[in-house]
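Protein chains in written order, with the numbering used here: chain X, 1 to 257; chain V, 1001 to 1257.
Note that the Cβ used here is the ideal one computed from N, Cα and C, for glycine as well.
What follows is a short report on a single structure.
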DNA sequence: AATGGATGTTGCACGCAGTGCAACAGACCT
DNA sequence: AGGTCTGTTGCACTGCGTGCAACATCCATT
């Protein structure tokens, strides 16, 4: 691993906490000011940090550009999007699409009944990985060893009384989810919110993404939401089919972005 | 400037174009494979790149996290948000907030009449800097020399017949905008879309952001939209006042994020 | 099976590039 | 003026990043 690059990249999360001046950056990196200066200059040339008028540094615009571009190149998302929109339109609830990456679960698309959002507002914030229905599906598909390792490394915050309390319970839940091929979150994250989720699979059968429908129980009861499960699964299967190239793709009107 | 970091960061825009394998990265950087490998490893440890199952690299999740965090620390945006919502609610059209940074103009917030979006969907994509009303305001406030330099470095794509054709015309437009303290875009980007915009100023009078109201002319005519100008300017001034600390801040119900 | 040509990975010696230092330049305050 | 902050520059040293060559896998040919 490269020391210089490592130091430079460590500056980014540091600045994510808020603007900082040269001295602060140097201190927190444990390097000389002149070193920090050169690193910041390099980051600046690439647009990753910006120097505001009070001379302090903060994260730069190119970061948004990169995040945006990266997102648009996620092909699962591109394929899934029209399906999500259709599902959202027909059931009227919020639909999410999520992927797993290096121990984290990440929402990559969201459709609300009235409005499709390209970038989910919570991207980057820690997803409630121990309770979210999509997270269960994604983790349940990991190889045994990895699944255990991840489960045991997690914290288990008690969002509500129904939150997953610990690694053992989580692993049991994952086993169930793995067998049945779908997952729920009944008030595990927020007391009044329920979700049902289904997996999207690649050609080799591995889970590449997971999608869910969420609704507050003041709108529909948990039972009513569960009644949507077949529809959710059918949608997920349709996406799986198209993603793994089984369907000759009936030109699903690609939206002009 | 640091060579190693420079190379490492050059990988990011490269991967933004799409996934690439080790050889491709090494080639495009002009370095040996082993060098590229170490750089990629370092980027990987920081979560900025992700190695997908086919061993190719693509941009990683941490990037979204950083972009998201950065966005939430933009204090103009935080202060402006409730004002934008109120304006959007009262006039019913789309409201944008934008800032200037290092030669680029960047939307940092958007409110649609029915739905507030945290991260604008076009973030990262090149904003139509030569025609957008907010861009005119932001560029018009730059020091003479810098304004000229930027204007002459730009391309002037003819989106429509009313697009700004060249640097000279743009600079003339900027002078006008600077004098009058507001700006419009009447079909300069898309034939049927009009915008009116007003500047948000800091305590020193410098323009720190710009906001606009946009509407298609099938909904309201350009004249009707222009009638909203006083309201837009009042809103912008209110934000300016609060941003520069003049108002003792009447606790403008901070939304619980 | 055996061969060839892809790829990704490791260890190592060389030398340049990144480092910390010390001195300088401003800004701001007392 | 003096003092104390800040950011910046030039330079000598050596530690770190570099490219090389050898190795390890994999897959497609024969």
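What separation, rounded to the nearest whole angstrom, lies between the Cα atoms of residue 1001 of chain V and residue 1060 of chain V? As a working mapping, residue 1001 of chain V is identified with position 1 in the second chain. As a working mapping, residue 1060 of chain V is identified with position 60 in the second chain. Approximately 25 Å, taken between the alpha carbons.
Can you have a look at residue 1049 of chain V and say buried or exposed, based on whether 16 or more other CB atoms are within 10 angstroms of its CB? The count along the second chain starts at 1 and reaches residue 1049 of chain V at position 49. With 16 or more Cβ atoms within 10 Å of its Cβ, residue 1049 of chain V is classed as buried.
9 Å Cβ cut-off: residues of chain X touching residue 979 of chain V: The structure shown does not extend to residue 979 of chain V, since chain V is modelled only from 1001 through 1257, so no value can be given for it.
For chain X, is any of its Cβ atoms less than 8 Å away from the one on residue 1211 of chain V? Position 211 of the second chain, counted from the first residue, corresponds to residue 1211 of chain V. Using a CB distance cut-off of 8 Å, residue 1211 of chain V does not count as an interface residue toward chain X.
Beta-bridge partners of residue 101 of chain X, as assigned by DSSP: Within the first chain, the letter at position 101 stands for residue 101 of chain X. Answer by DSSP bridge pairing, in chain order: X/104.
Which residue marks the beginning of the beta strand (DSSP E) containing residue 214 of chain X, and which one marks its end? Here residue 214 of chain X refers to the residue found at position 214 when the first chain is read from its first residue. Per DSSP, residue 214 of chain X is one residue of the beta strand (DSSP E) stretching across 207-216.
Strictly under 8 Å for the Cβ-Cβ distance: is residue 102 of chain X near chain V by that measure? Residue numbering aside, residue 102 of chain X sits at position 102 when the first chain is read from its first letter. Residue 102 of chain X counts as touching chain V.
What residue does the beta strand (DSSP E) around residue 50 of chain X start on, and which one ends it? If you number the first chain from 1, residue 50 of chain X lands on position 50. Note, residue 50 of chain X: beta strand (DSSP E), 49-51.
Between the Cα of residue 230 of chain X and the Cα atoms of X/191, X/214, X/182 and X/194, which residue gives the shortest distance? By one-based count along the first chain, residue 230 of chain X stands at place 230. It is X/182.
Hey, would you say residue 243 of chain X sits closer than 8 Å to residue 76 of chain X, going by beta carbons? As a first step, residue 243 of chain X must be located in the first chain, where it is residue number 243. As a first step, residue 76 of chain X must be located in the first chain, where it is residue number 76. Closer than 8 Å, so yes.
With a threshold of 8 Å between beta-carbons, can residue 1018 of chain V be considered close to chain X, or not? Start at 1 with the first residue of the second chain, and residue 1018 of chain V comes out as number 18. Using beta-carbon distances, residue 1018 of chain V counts as an interface residue toward chain X, with a partner under 8 Å.
Judging by CA-CA distance, which residue of X/179, X/133 and X/128 is the nearest neighbour of residue 157 of chain X? The count along the first chain starts at 1 and reaches residue 157 of chain X at position 157. Ranking X/179, X/133 and X/128 by Cα distance to residue 157 of chain X puts X/128 first.
Cβ neighbour criterion (16 or more within 10 Å) applied to residue 136 of chain X: Residue mapping note: residue 136 of chain X aligns to position 136 of the first chain, counting from 1. Buried.
Give the single residue among V/1064, V/1041 and V/1069 whose Cα lies nearest to the Cα of residue 1056 of chain V. Within the second chain, residue 1056 of chain V is the residue found at index 56, counting from 1. Selected option, being the one with the closest Cα: V/1041.
Are the C-beta atoms of residue 42 of chain X and some chain V residue less than 8 Å apart? Indexing the first chain from 1 puts residue 42 of chain X at position 42. By this cut-off, residue 42 of chain X is an interface position.
Along chain V, which residues have their Cβ under 9 Å away from the Cβ of residue 60 of chain X? Translated into the one-based positions of the first chain, residue 60 of chain X becomes position 60. Neighbourhood of residue 60 of chain X in chain V, by CB distance below 9 Å: 1070, 1101 and 1102, in chain order.
Is residue 1118 of chain V helix, strand or coil by DSSP? The sequence position of residue 1118 of chain V within the second chain is 118, counting from 1. Reliability fails at residue 1118 of chain V, whose pLDDT of 49 lies under 50, so the model's placement of it is uncertain and no value is given.
Residues of its chain near residue 171 of chain X, where Cβ-Cβ distance is below 6 Å and the 5 sequence neighbours each way are ignored: The residue you call residue 171 of chain X lines up with position 171 of the first chain. Cβ within range, chain order: 151.
Can you give the Cα-Cα distance for residue 37 of chain X and residue 22 of chain X, rounded to whole angstroms? As a first step, residue 37 of chain X is located in the first chain; it is residue number 37 there, counting from the start. As a first step, residue 22 of chain X is located in the first chain; it is residue number 22 there, counting from the start. Within the model, the alpha-carbon separation for residue 37 of chain X versus residue 22 of chain X is close to 7 Å.
Given residue 1091 of chain V as reference, the closest of V/1208, V/1072 and V/1215 once Cα atoms are compared: Numbered from 1 along the second chain, position 91 holds the residue referred to as residue 1091 of chain V. Closest by alpha carbon: V/1215.
Would you mind reading off the limits of the alpha helix (DSSP H) that contains residue 1037 of chain V? To locate residue 1037 of chain V, count along the second chain from 1; it is residue 37. Residue 1037 of chain V: member of the alpha helix (DSSP H) spanning 1033-1045, first to last residue.
Reduced DSSP category for residue 1193 of chain V - H, G, I as helix; E, B as strand; rest coil: Counted from its first residue, the second chain places residue 1193 of chain V at position 193. Note: residue 1193 of chain V maps to strand in three-state DSSP.
So, for residue 1118 of chain V: in the same chain, excluding its five sequence neighbours on each side, which residues have a beta-carbon less than 6 Å away from its beta-carbon? Translated into the one-based positions of the second chain, residue 1118 of chain V becomes position 118. Confidence is the limiting factor: at residue 1118 of chain V the pLDDT is only 49, short of 50, which leaves the residue's position unreliable and the question unanswerable from this model.
By how many angstroms is the C-alpha of residue 1083 of chain V removed from the C-alpha of residue 1254 of chain V? Residue numbering aside, residue 1254 of chain V sits at position 254 when the second chain is read from its first letter. Residue numbering aside, residue 1083 of chain V sits at position 83 when the second chain is read from its first letter. Confidence is the limiting factor: at residue 1254 of chain V the pLDDT is only 38, short of 50, which leaves the residue's position unreliable, though a coordinate-based value still follows. Within the model, the alpha-carbon separation for residue 1254 of chain V versus residue 1083 of chain V is close to 11 Å.
For residue 1174 of chain V and residue 1094 of chain V, the rounded distance between their alpha carbons: Here the question's residue 1094 of chain V lines up with position 94 in the second chain. Here the question's residue 1174 of chain V lines up with position 174 in the second chain. CA-to-CA, the gap between residue 1094 of chain V and residue 1174 of chain V works out to about 24 Å.
Measuring straight from C-alpha to C-alpha, what distance separates residue 227 of chain X and residue 1241 of chain V? Here the question's residue 227 of chain X lines up with position 227 in the first chain. Here the question's residue 1241 of chain V lines up with position 241 in the second chain. Looking at the two C-alpha atoms, the distance is approximately 52 Å.
According to DSSP, simplified to helix, strand and coil, what is residue 1228 of chain V? By 1-based counting over the second chain, the position of residue 1228 of chain V is 228. Collapsing the DSSP output to three states places residue 1228 of chain V in coil.
How many whole angstroms separate the CB atoms of residue 1208 of chain V and residue 1232 of chain V, which I take to be in contact at a CB cut-off of 8 Å? Within the second chain, the letter at position 208 stands for residue 1208 of chain V. Within the second chain, the letter at position 232 stands for residue 1232 of chain V. The Cβ separation is near 16 Å, so there is no contact.
Going by beta-carbon coordinates alone, are residue 199 of chain X and residue 236 of chain X separated by less than 8 Å? Start at 1 with the first residue of the first chain, and residue 199 of chain X comes out as number 199. Start at 1 with the first residue of the first chain, and residue 236 of chain X comes out as number 236. Yes, these two residues count as a Cβ contact at 8 Å.
Mapping the DSSP letters down to three states, classify residue 57 of chain X as helix, strand or coil. Mapped onto the first chain, residue 57 of chain X falls at position 57. Correct three-state label for residue 57 of chain X: strand.
8 Å Cβ cut-off: residues of chain V touching residue 106 of chain X: Here residue 106 of chain X refers to the residue found at position 106 when the first chain is read from its first residue. Correct list: 1061 and 1064.
Quick one, which of V/1058, V/1210, V/1028 and V/1011 has its alpha-carbon nearest residue 1138 of chain V's? The residue you call residue 1138 of chain V lines up with position 138 of the second chain. Checked all of V/1058, V/1210, V/1028 and V/1011; the closest Cα to residue 1138 of chain V is V/1210.
Looking at chain X, is there any beta carbon in it that lies within less than 8 Å of the beta carbon of residue 1039 of chain V? Along the second chain, one-based indexing puts residue 1039 of chain V at 39. Yes, its Cβ sits closer than 8 Å to a Cβ of chain X.
Give me whichever residues DSSP pairs with residue 200 of chain X in a beta bridge. Residue mapping note: residue 200 of chain X aligns to position 200 of the first chain, counting from 1. X/209.
For residue 1185 of chain V, write down the residues that DSSP places opposite it in a beta bridge. What you label residue 1185 of chain V is simply residue 185 of the second chain in a count that begins at 1. Its beta-bridge partners are V/1195.
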